[in-house]
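If you want the working numbering, it's the 1-based position in the sequence shown plus 45.
The block underneath contains the structure these notes are about, expressed in structure tokens.
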Amino acid sequence: MTVRREAARVNAGADDITAEWEPLDGLEARAGISPRSRIRRHAERAAPAEAESILRAGRVAHVAYALEGQPYVIPFLYDYADGAVYLHGAPASRTLKTLRDGVDVAIEITLLDGLIASRDAESHSANYRAVVVYGRAERVTNMTKKRAILERMTLRYFPGRTAGTDYEAATEKQIRALEVLQVPVIELGVKMRAGGPRGPRDADPAAWGTAYVVELGGYDA
Ligand SMILES: Cc1cc2nc3c(=O)[nH]c(=O)nc-3n(C[C@H](O)[C@H](O)[C@H](O)COP(=O)(O)OP(=O)(O)OC[C@H]3O[C@@H](n4cnc5c(N)ncnc54)[C@H](O)[C@@H]3O)c2cc1C
């Protein structure tokens, strides 16, 4: 994975990749490695160690790309495994057609854990765990790999559900008719907020008004 090279290209804003190639292990090491993914506002909320667990727990991926200067963001089901996000759908999908041509893509996944009510207007907030992944898609054409990805994705959304037992396995024709894209995670930003209200009067039970947390249990935002 040419992570540092890619980050260097982005930093330089150029296509010429000159930095040293250096393999990096794990997702955590790819967090905040260039200005596009570094958490600047509330830097203390950067949470690279949570990246894997967020990507494994999320259900909806918001897939963003630019086409002829127009930004798009489109929701998808997805799977995450081994440092890559997997998307699937009809080959005619504009999003998938655009991505498979290798354009830069950003994919956002958010878990909304709670809503924070504060005694002060400006201190209302939310507890969340969020990831923004940067990468470029590659087509998965190997039929065995495609089937394995699709069955793993089904299992992720329906734990324990198995082809051949709970449902008829997809035919070769059906698998061939689906586009499956793999987006290796080149770089990512990971941010989270946890805890209670932090307004200037929230720790004082004698202060007027109310302060509390509405727990949402990782609602898939
Ligand atoms: C939770 C969720 C999961 C999904 N998972 C998948 C998936 O795994 N695979 C898949 O192929 N499709 C999925 N879809 C449908 C997907 O969002 C797209 O509608 C579809 O892939 C067609 O994409 P397209 O780029 O061809 O869109 P087009 O039909 O070309 O979209 C044209 C325009 O319609 C609007 N639009 C498109 N989709 C949506 C949308 N979902 N909501 C609101 N406006 C929209 C946008 O403005 C877009 O620019 C999912 C949708 C949702 C809500």
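Backbone N, C-alpha and C define an ideal beta-carbon position, used for all residues, glycine too.
Predicted model, so just to flag it, every value in this text is computed and none were measured.
Residue ranges of each alpha helix (DSSP H) within the region 230–255, 4 or longer: none
Alpha carbon of residue 254 to alpha carbon of residue 243, nearest angstrom: Residue mapping note: residue 254 aligns to position 209 of the sequence shown, counting from 1. Residue mapping note: residue 243 aligns to position 198 of the sequence shown, counting from 1. Taking the straight line from one Cα to the other gives about 14 Å.
Exposed unless 16 or more other CB atoms sit within 10 angstroms - verdict on residue 140: As a working mapping, residue 140 is identified with position 95 in the sequence shown. Under this definition residue 140 is a buried residue.
N-terminal and C-terminal residue of the beta strand (DSSP E) that residue 261 is part of: The residue you call residue 261 lines up with position 216 of the sequence shown. It spans 257–265 - the beta strand (DSSP E) in which residue 261 sits, taken as one unbroken run.
Rounded separation between residue 200 and residue 206 - CA only: In the sequence shown, the residue the question calls residue 200 occupies position 155. In the sequence shown, the residue the question calls residue 206 occupies position 161. The straight-line gap from Cα to Cα measures roughly 6 Å.
Whole-angstrom distance between residue 161 and residue 79, CA atom to CA atom: For this step, residue 79 is matched to residue 34 along the sequence shown. For this step, residue 161 is matched to residue 116 along the sequence shown. Roughly 31 Å separates the two Cα atoms.
Secondary structure of residue 204, DSSP reduced to three states: Against the sequence shown, residue 204 aligns to sequence position 159. Coil.
For residue 109 and residue 148, believed in contact at Cβ under 8 Å, the rounded distance: Walking along the sequence shown from the start, residue 148 turns up at place 103. Walking along the sequence shown from the start, residue 109 turns up at place 64. The pair is not a contact, with the Cβ atoms about 11 Å apart (cut-off 8 Å).
Any residue whose CB is nearer than 6 Å to a heavy atom belonging to ligand 1, listed in chain order: 105, 117, 119, 120, 121, 122, 133, 134, 135, 138, 139, 140
Closer than 7 Å: residue 228 CB and nearest ligand 2 heavy atom: The model depicted lacks ligand 2 and carries ligand 1 instead.
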